[in-house]
Amino acid sequence: MAGPRSSTAIGRTTAALGVAGTIALAPIAGAVVPAFAQEAAAALDPITIRVGANDGFTRVEFAGIVGSRSRVRRDGQTVVVRIGSTAAPDVSRLKNDPPPGVEKVETRAALDATELVITLAEGSDARTGSADGAVWLNLYPAGAAPAAPAGAAVPAGGAVPVIATKAAEQVSLSFAWGAPVGAAVFRRGDAVWVVFDTAARMDMSKASDLGVAGDARWAVGPDYTAIRISAPEALSVSAKGEGATWTVTIGGPTAPPASVVIDRDDTGDTSLVASMAGATRTVWLTDPMVGDRFAAVTALAPGKGFADTRRTIDLTLLPTAQGLAIETPTDDLSIKAEGDLVTLSRPGGLLLSPPSMALEAAEPAHAEAPGKAKFPALILSAWADPGEEGFSTRYRKLQDAAALEAIAASDNPRAPIEARLALTRFLVGSGLGFEAIGVVNAMFAKTPSLQGEPELRGLRGAARASIGRLEEATLDFSSGALAGDPSTKVWQGWLAAERGDWEEARRAFAGGAAAIDDFPPIWRARFGAAHAMAALETGDLDASKSLLAYSFSQEAPAADQLVARLVQARLFELEGATDRALAVYKAIGRAPLDGIATPAKLGVIRIELAKGTLTPTAAAAQLEQLKWRWRGDATELSVIRTLGGLYLSQGRYREALDALRGAGKRLGDLPGSVELQTDLSNAFRTLFLDGAADGLQPVQALALFYDFRDLTPVGADGDEMVRRLARRLVDVDLLDQAAELLKYQVDNRLEGVAKAQVATTLATVLLMDRQPEPALQAIWASRTTLLPTALNAERRALEARALMDLGRYDHALETLADDRSAEAQQVRADIFWKQENWAGAAALYEARLGDRYKDTATALTPAEESQVIRAGVGYSLARDAAALSRLSRNYAPFKDRARSAAALRIALDGLDGMEGAANAQDFAGLTAGADTFTGWVNQMKTQLREKTGGNRASATPARPTAPAAAAPAAG
39 MAGPRSSTAI
49 GRTTAALGVA
59 GTIALAPIAG
69 AVVPAFAQEA
79 AAALDPITIR
89 VGANDGFTRV
99 EFAGIVGSRS
109 RVRRDGQTVV
119 VRIGSTAAPD
129 VSRLKNDPPP
139 GVEKVETRAA
149 LDATELVITL
159 AEGSDARTGS
169 ADGAVWLNLY
179 PAGAAPAAPA
189 GAAVPAGGAV
199 PVIATKAAEQ
209 VSLSFAWGAP
219 VGAAVFRRGD
229 AVWVVFDTAA
239 RMDMSKASDL
249 GVAGDARWAV
259 GPDYTAIRIS
269 APEALSVSAK
279 GEGATWTVTI
289 GGPTAPPASV
299 VIDRDDTGDT
309 SLVASMAGAT
319 RTVWLTDPMV
329 GDRFAAVTAL
339 APGKGFADTR
349 RTIDLTLLPT
359 AQGLAIETPT
369 DDLSIKAEGD
379 LVTLSRPGGL
389 LLSPPSMALE
399 AAEPAHAEAP
409 GKAKFPALIL
419 SAWADPGEEG
429 FSTRYRKLQD
439 AAALEAIAAS
449 DNPRAPIEAR
459 LALTRFLVGS
469 GLGFEAIGVV
479 NAMFAKTPSL
489 QGEPELRGLR
499 GAARASIGRL
509 EEATLDFSSG
519 ALAGDPSTKV
529 WQGWLAAERG
539 DWEEARRAFA
549 GGAAAIDDFP
559 PIWRARFGAA
569 HAMAALETGD
579 LDASKSLLAY
589 SFSQEAPAAD
599 QLVARLVQAR
609 LFELEGATDR
619 ALAVYKAIGR
629 APLDGIATPA
639 KLGVIRIELA
649 KGTLTPTAAA
659 AQLEQLKWRW
669 RGDATELSVI
679 RTLGGLYLSQ
689 GRYREALDAL
699 RGAGKRLGDL
709 PGSVELQTDL
719 SNAFRTLFLD
729 GAADGLQPVQ
739 ALALFYDFRD
749 LTPVGADGDE
759 MVRRLARRLV
769 DVDLLDQAAE
779 LLKYQVDNRL
789 EGVAKAQVAT
799 TLATVLLMDR
809 QPEPALQAIW
819 ASRTTLLPTA
829 LNAERRALEA
839 RALMDLGRYD
849 HALETLADDR
859 SAEAQQVRAD
869 IFWKQENWAG
879 AAALYEARLG
889 DRYKDTATAL
899 TPAEESQVIR
909 AGVGYSLARD
919 AAALSRLSRN
929 YAPFKDRARS
939 AAALRIALDG
949 LDGMEGAANA
959 QDFAGLTAGA
969 DTFTGWVNQM
979 KTQLREKTGG
989 NRASATPARP
999 TAPAAAAPAA
1009 G
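For the sequence shown, this note's numbering gives the first residue as 39, with consecutive numbering after it.
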């Protein structure tokens, strides 16, 4: 993190059309006011960014014709500065050396703008405002932000004293708050309204006589106070704020307040944005005399108001002495006060006049100048007509006229735009999309308000679409200025079809039916083919045939006819005429146009694979080539989905997951990516939930899981995947890896009973790995109430076993208490053995065997042999001859078939033939081979296998010998 800056550096960069930014770095002299002496005499670039710092905070200012219109909003610890230019300013100094309290600084592209994203560190703060023709942003490190004004806004006593001062033809009302509050003051008919952003009672005892004004009535809302004062309309109104006191004067001479600037915003839904420093709250009120609803927006001192009346279809902005006042006939007007900006909007945008209506009238257009179309996004065939003079001459004349108009616009912001519009129409109609975009961008840079001009947005969207900049075109056609335009709907339908969003394409094409026949033939052919494909993919084959006939009738160029033929081949395929479809696909696949040939080749692979004339291995090889031949749209998604399905059918799981995930990351914005993500999730589930990965070696399965663990579903299925994989690792004694998987689940994904269940499995694995202390921690950290009885017994036995392994035998027995379950008795026997309580241990080992001695036909298992040996040794050491005789009589028939026949024979024979007293050392070698821990580990492995379905056959082999053909995918 950078420390306070004490040196100054100035860097300048320029970008296309002069809409680049300048960043100037300077120290701040004093606590608040920055010193920017270096810029004092310099002419500002369209975007000038100035940065200064002192020990307390860093100030960033955005100045210039574009920079001063920047908008700042805050979302949690992120501050976003929206700069109205697509040419990003140079902020490398901020990125490489972020100010104190800032984690990182990034830039990102937005609709006709660039956003500077500043991420604040924990505890840091930011304040914003506007002053001296610039928008400023103060950045404070943790603990350095200025404290809020001390004291409560409501004075002691709970009421705000109001004092009236009368003079000739005027009266002043003083509102003495306890702390600064926001206010709005305005006239509405024969009443003056004073609105505060804090709820409080008004003490009007010293304002009973208002002289030239009438009576005053006040009301308190949840978070505001409103006062209505009757006053003749001829009386002027002014407001002044000083500290915590607001003074409202009715009548007499008034000084105009600082003006609130209101601009239109067409970056999204059309809206109005007011730049009003210190805006605090929007208050909705109902006039008791009229009964209608209106809004007031309060702001802190010093005073600032809106001097004019501005009417639109959706709202009326009233003149104010302080703050804003808005009337509206609608019930869905949104008014948001954020920092120094107040945004007025409606769902779908406000209905505003085009910006060109405020411009001066242009001179009569020449007869050869391209005329305006009846729809803003419509292209006319006549625009491309070069006339008798030829293309070059016509182009030069239109360029010269546009250049003269642009020069005039430099000195006159209300200069007409008709000549530049004519040039743009000619360029778009002639297919010169890059040149047309440059002309429109230059107009927006010179006059940002023109972004709300419908024809300019429509023409630039058409130009962007024609050169393949589909995302940028989508942003243009999403502008509120084009809302409801049928020609825009046509473009939106075509763009949706290019993305593979067939449902949206059909809806948009239907909305543009009134305009589609007015486009040039080449675009009618393209729109018809796109609409035909959308109809085909949504199951309307009859409509698709009609639309194909419409497309073929336009006599479009060969490339566009091939697109229509591609749709026709897909239609044949869906109708079952696969031979016809295959012939058309192969013909199109020979075209030297990758965008058309790639989906055709995919169709060939799909049909030949279904017919069995192409093996899956060969098909996968061809799809791998296609995957790199055409990228970025619905065609690539289809190739990847088909390839992923083939790899899965062949057991090539890693290749399948790699292909599917790689495309999902790059193509996540396309509609078809949802199905691709579903394929990816299903493949992962098949592997680790349905058992397809059981054919892989456990280490291979673990590596595959780790490489794609981000695909683990949230919830019970994901937890079951982990438990099954952990079981496979336990089977091959990869206990550390199994414990790591389970511990992650316990620590990060689970709560309650589910956490206790997995923690129990974790403790079991840790004990198998002879790690009793972590096992205890797993049990204790997952304690909860209302666990199932069986789970409680299992956890209790594991806890006792861990304590036993730590040598805390008495504590282990206390944990078992009166538990007589099989698990508890097994642990209790091992504890007695370690305590050399030979009689108790031997009795429990024999009891664990039960009536096993009756089944002499079946040999003892290793675990049973261990228990018989330990029982015999225990009885010998306890000198219990009767018990040893009984045990010997019962298990003598098993001696000959025992795995450890000699050890079993000695244990059952006991002390026969031994001189003197025997001790534990005499049997040490014998019992070492009868370790019950090994038997317990095997028993736990068996139980874990049963719990996770590991005792069933593998669902799918890792490499099937006869893979099935992949299911057909949409082309």
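From the three backbone atoms N, C-alpha and C, an ideal C-beta is built for every residue, glycine too.
Everything numeric in this text was worked out from a predicted model, so none of it was measured.
On the premise that Q783 lies in contact with L740, defined as a C-beta separation below 8 Å, what is that separation, rounded to the nearest angstrom?
In the sequence shown, counting from the first residue as 1, residue 740 sits at position 702. In the sequence shown, counting from the first residue as 1, residue 783 sits at position 745. Actually they do not touch by this definition, with Cβ atoms about 15 Å apart.
Would DSSP call I626 helix, strand or coil?
Taking the first residue of the sequence shown as position 1, residue 626 is located at position 588. Looking at I626 - three-state DSSP - the assignment turns out to be helix.
If we ignore side chains and look at the alpha-carbon of each, how far apart do P138 and D235 end up?
Counting from one through the sequence shown, the residue named residue 138 turns up at place 100. Counting from one through the sequence shown, the residue named residue 235 turns up at place 197. For P138 and D235, the distance between alpha carbons rounds to 33 Å.
S297 in three-state terms, based on DSSP:
As a first step, residue 297 must be located in the sequence shown, where it is residue number 259. Reduced to three states, the DSSP call for S297 is strand.
Are at least three pairs of beta-carbons, each pair with one atom in the segment 333 to 345 and one in the segment 207 to 216, less than 8 Å apart?
no
N- and C-terminal bounds of the alpha helix (DSSP H) containing S923
On the sequence shown, position 885 is the one that residue 923 refers to. Element bounds for S923: 919 to 929.
Classify E861 as buried or exposed, calling it buried when 16 or more other Cβ atoms lie within 10 Å of its own Cβ.
Here residue 861 corresponds to residue number 823 of the sequence shown, with the count starting at 1. E861 comes out buried.
Is W231 helix, strand or coil when you go by DSSP?
Counting from 1 along the sequence shown, the entry for residue 231 is found at position 193. Reduced to three states, the DSSP call for W231 is strand.
Return the CA-CA distance between E874 and D856, expressed in angstroms with no decimal places.
Here residue 874 refers to the residue found at position 836 when the sequence shown is read from its first residue. Here residue 856 refers to the residue found at position 818 when the sequence shown is read from its first residue. Taking the straight line from one Cα to the other gives about 21 Å.
Candidates D598, L416, V622: closest to G633 by CA position
Against the sequence shown, residue 633 aligns to sequence position 595. Ranking D598, L416, V622 by Cα distance to G633 puts D598 first.
Looking at the structure shown, is Y691 part of a helix, part of a strand, or coil, going by DSSP?
Taking the first residue of the sequence shown as 1, we reach residue 691 at position 653. In the structure shown, Y691 sits in a helix (DSSP, three-state: H, G or I).
Starting from E99, follow its DSSP beta bridges and name the residues at the other end.
Translated into positions along the sequence shown, residue 99 becomes position 61. Bridge partners of E99: R88, W174.
Return helix, strand or coil for I455, following the three-state DSSP convention.
For this step, residue 455 is matched to residue 417 along the sequence shown. Note: I455 maps to coil in three-state DSSP.
With DSSP run on the structure shown, which of helix, strand or coil describes Q1013?
Residue numbering for the chain in the displayed model covers 39 to 1009; residue 1013 lies beyond these limits and cannot be assessed.
Please name the residue or residues paired with K278 in a DSSP beta bridge.
The residue you call residue 278 lines up with position 240 of the sequence shown. In DSSP, K278 forms a bridge with T285.
If you draw a straight line from the alpha carbon of S923 to that of L946, how long is it in whole angstroms?
Your numbering for residue 923 matches position 885 in the sequence shown. Your numbering for residue 946 matches position 908 in the sequence shown. Looking at the two C-alpha atoms, the distance is approximately 8 Å.
Could you tell me which residues DSSP pairs with S468 in its beta bridges?
Counting from 1 along the sequence shown, the entry for residue 468 is found at position 430. S468 pairs with nothing; no bridge assigned.
Buried versus exposed call for A293 [16 or more other C-beta atoms within 10 Å across all chains shown]
Here residue 293 refers to the residue found at position 255 of the sequence shown. When all chains shown are included, A293 counts as exposed.
Sufficient close CB pairs (3 or more, under 8 Å) joining the segment 922 to 939 to the segment 897 to 904
yes
Assigned exposure category for Y744 - 16 Cβ within 10 Å defines buried
Residue numbering aside, residue 744 sits at position 706 when the sequence shown is read from its first letter. Counting Cβ neighbours within 10 Å, Y744 comes out exposed, since fewer than 16 surround it.
Could you pull out every residue in the same chain whose Cβ sits closer than 7 Å to the Cβ of I505, ignoring the five residues on either side in sequence?
The residue labelled residue 505 in the question sits at position 467 within the sequence shown. Here the set comprises G471, F472.
Residue range of the alpha helix (DSSP H) that S448 falls in?
Position 410 of the sequence shown, counted from the start, is the residue given in the question as residue 448. Taken as a continuous stretch (DSSP letters only), the alpha helix (DSSP H) holding S448 covers 429 to 449.
Suppose the cutoff is 7 Å on Cβ atoms and the five residues either side in sequence are ignored; what does the same chain contact list for I475 look like?
Looking up residue 475 in the sequence shown gives position 437. Within the same chain, I475 has close Cβ partners R498, A501, R502.
Quick check on K278: buried or exposed, where buried means 16 or more other Cβ atoms within 10 Å of its Cβ?
Taking the first residue of the sequence shown as position 1, residue 278 is located at position 240. With 16 or more Cβ atoms within 10 Å of its Cβ, K278 is classed as buried.
Classification of H849 by the beta-carbon crowding that lies within 10 angstroms, buried from 16 upward
Here residue 849 is taken as the residue at index 811 of the sequence shown, counted from 1. With fewer than 16 Cβ atoms within 10 Å of its Cβ, H849 is classed as exposed.
W256 (DSSP reduced to helix, strand or coil):
Stepping through the sequence shown from its first residue, residue 256 is reached at position 218. W256: strand per DSSP, three-state reduction.
Between S108 and the rest of its own chain, which residues show a CB-CB distance below 6 Å, the 5 nearest in sequence each way excluded?
To locate residue 108, count along the sequence shown from 1; it is residue 70. Here the set comprises F100, V119, I121, V173.
Decide if G912 is buried, meaning its Cβ has at least 16 other Cβ atoms within 10 Å, or exposed.
Within the sequence shown, residue 912 is the residue found at index 874, counting from 1. G912 is buried by the Cβ-count criterion.
What does a CB cutoff of less than 6 Å around A78 pick up in its chain, not counting 5 residues either side in sequence?
Stepping through the sequence shown from its first residue, residue 78 is reached at position 40. Reliability of the predicted coordinates at A78 is poor, the pLDDT of 37 falling under 50, and no value is obtained from them.
Are the beta-carbon atoms of A422 and A222 separated by less than 8 Å?
For the purposes of this step, residue 422 is taken as residue 384 along the sequence shown, with counting starting at 1. For the purposes of this step, residue 222 is taken as residue 184 along the sequence shown, with counting starting at 1. Not closer than 8 Å, so no.
Give the DSSP bridge partners of T318, in chain order.
As a working mapping, residue 318 is identified with position 280 in the sequence shown. Answer is none; T318 lacks a bridge partner.
DSSP three-state call for S419: helix, strand or coil?
If you number the sequence shown from 1, residue 419 lands on position 381. Reduced to three states, the DSSP call for S419 is helix.
T512 versus G386: straight-line alpha-carbon distance, rounded
Taking the first residue of the sequence shown as 1, we reach residue 512 at position 474. Taking the first residue of the sequence shown as 1, we reach residue 386 at position 348. About 16 Å.
May I have the straight-line CA-CA distance separating A420 from L436, to the nearest angstrom?
Locating residue 420 in the sequence shown gives position 382, where the first residue counts as 1. Locating residue 436 in the sequence shown gives position 398, where the first residue counts as 1. For A420 and L436, the distance between alpha carbons rounds to 15 Å.
What span of residues does the beta strand (DSSP E) with V140 cover, start to end?
On the sequence shown, position 102 is the one that residue 140 refers to. Segment 140 to 148, the beta strand (DSSP E) holding V140.
With respect to the beta strand (DSSP E) encompassing T358, which residues constitute its N-terminal and C-terminal limits?
As a first step, residue 358 must be located in the sequence shown, where it is residue number 320. Element bounds for T358: 358 to 360.
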